[in-house]
Amino acid sequence: MENVIIIGSGCAGLTAALYTARADLAPLVVTGIMPGGLLTTTTIVENYPGFVDGIDGFQLMMNMQKQAERFGARLRTLSKVESVDLSQRPFAVTIDGEIFHTKTLIVATGAGHRHLGIESEHLLENKGVTYCATCDGALPMFRNKPLVVVGGGDSACEEALYLTRFASTVYLVHRRNELRASKIMADRVLGHPKIQPIWDTQVLEILDVSQDEVTGVRLQNLKTSTETTLDCAGVFIAIGLVPSTQLFTGILATDEAGYFKLTEGSKTSVPGVFIAGDCADKVYRQAITAAGMGCVAAIDCERFLQDEAHAG
Ligand code: NAP
């Protein structure tokens, strides 16, 4: 019987692991298929407090993991939760075909990349269409070639800036005529000689499915409806995140966008189930806020178990 199973190993999950480990609860952390979460795919993180010169995203997550393990957190690396039964306590959690029982559950499943939703995007994924510049940007197929980044938020700006190391030109295709990104990121992008914004424009199609590789994009100006094509060797899509809450459909309440709804602090309608991080946050979505939510969930979890022990 586990005291607590934590689903997710991003900032929220690993901070919850650190706090519950320090409370002697020996948490079991199910990392999912991307240990360390989305931050491992970023380069330098400049806004996580405590690192004067910034810190590499992968390194930050490795540090968090080691820190949690130092106090007794147990990580099931590359493991995936297949189903949960929260209808009675202890809860049953099926991990890679094996059923585990746990007194409490902390859900920190994060969020995944939003897709454009056009057929050519799907057909050319990993053939020039990608969602991660730091993972794929240095590939030979993208070197000294024009590349397209889609989006206008911090992620799109970060991707575009990173790709300037490899690309001949980076076209930033955005559906409006101003960036949503923070001012510091927007200023860096708009002042970069290799980045060319294309405003008020949507991607209608990624070319060329018949050649089984990316050769360009078909664009449409949303103000004039004019269609154009643009040659490029890669399309990097950075149009935001979708919460990873599907495992709990019909079990835990979510809002219309799929984010978990919390009752008080990190609590849900099921006593003993706590939520942390981007799977419940469509407003702030920062590494530090996710970590803070992980801390809140761990404290709520610890107090819940304490209250139950005193009552029993
Ligand atoms: P975001 O802030 O939600 O921005 C998504 C962008 O994609 C928006 O510009 C949006 O356009 C556009 N978009 C959404 N759906 C689209 C569609 N179907 N077709 C075309 N464009 C579409 O997402 P994000 O950039 O991934 O950032 C997520 C969170 O992480 C934010 O809170 C951000 O601040 C944070 N973050 C921070 C950093 C950093 O501090 N360095 C780096 C990365 C991410 P509209 O603007 O028109 O809505």
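Be aware that the sequence shown starts at 4, since it is given in my numbering, and climbs by one per residue.
Ideal placement from N, C-alpha and C gives every residue a C-beta, glycine not left out.
Endpoints, beta strand (DSSP E) assigned at residue i
i	result
F239	G237 to I240
S158	No beta strand (DSSP E) holds S158; the alpha helix (DSSP H) holding it covers D157 to L166.
E85	V84 to D88
R25	Where R25 is concerned, there is no enclosing beta strand (DSSP E), although the alpha helix (DSSP H) it sits in stretches over C14 to R25.
D234	E230 to D234
R77	R77 to R79
T97	F94 to I98
T105	E101 to V110
E5	E5 to I10
Nearest-angstrom beta carbon gap, residue j and residue i [assumed within contact, 8 angstroms]
i	j	result
P38	A76	With a Cβ gap of about 13 angstroms, P38 and A76 do not count as contacting.
Y165	G194	With 8 angstroms as the limit, Y165 and G194 do not qualify as a contact, their Cβ atoms being about 16 angstroms apart.
V176	L250	About 33 angstroms; that fails the 8 angstroms criterion.
V7	K106	7 angstroms
A256	S272	6 angstroms
A300	F277	4 angstroms
D303	S269	5 angstroms
Neighbourhood of residue i by C-beta, 6 angstroms cutoff - its chain only, sequence neighbours within 5 removed
i	result
A15	A111, A279, G280, A293, M296 and G297
R183	G155 and G156
T18	A294, G297 and C298
Y134	H116 and I240
I254	L89
L150	L166, A170, V173, C235 and G237
I10	V33, V84, V110 and T112
I102	A95
Residue range of the alpha helix (DSSP H) that includes residue i
i	result
N66	G60 to R73
V299	A290 to A314
T137	A136 to D139
H118	Counting along the chain, H118 falls outside any alpha helix (DSSP H), and DSSP gives it neither H nor E.
8 angstroms Cβ cutoff met for residue i and residue j
i	j	result
K148	V173	no
Y262	T252	no
A114	P200	no
L210	G219	yes
E216	H104	no
V22	I291	Correcting the residue type first, residue 22 is Tyr in the shown sequence and not Val. No, the Cβ-Cβ distance between Y22 and I291 is not below 8 angstroms.
G60	T44	yes
R390	F74	For the chain, the structure presents residues 4 to 315; residue 390 sits outside this window and is missing.
L108	G275	yes
D99	S86	no
Close-in-space but distant-in-sequence residues of the same chain around residue i (CB under 7 angstroms, 5 per side omitted)
i	result
L225	R178, D203, T204 and Q205
V212	S123, L126 and L127
L63	L42, V48 and Y51
Cut-off 8 angstroms between Cβ atoms - residues of its own chain near residue i, not counting five sequence neighbours on either side
i	result
M65	G39
With a floor of 4 residues, list each alpha helix (DSSP H) that falls wholly inside the stretch 174-219, ordered by position along the chain.
186-193
Runs of alpha helix (DSSP H) wholly within the stretch 28-55 (minimum 4 residues, chain order):
none
Sequence ranges, beta strand (DSSP E) only - wholly within the stretch 255-290, length at least 3:
276-278
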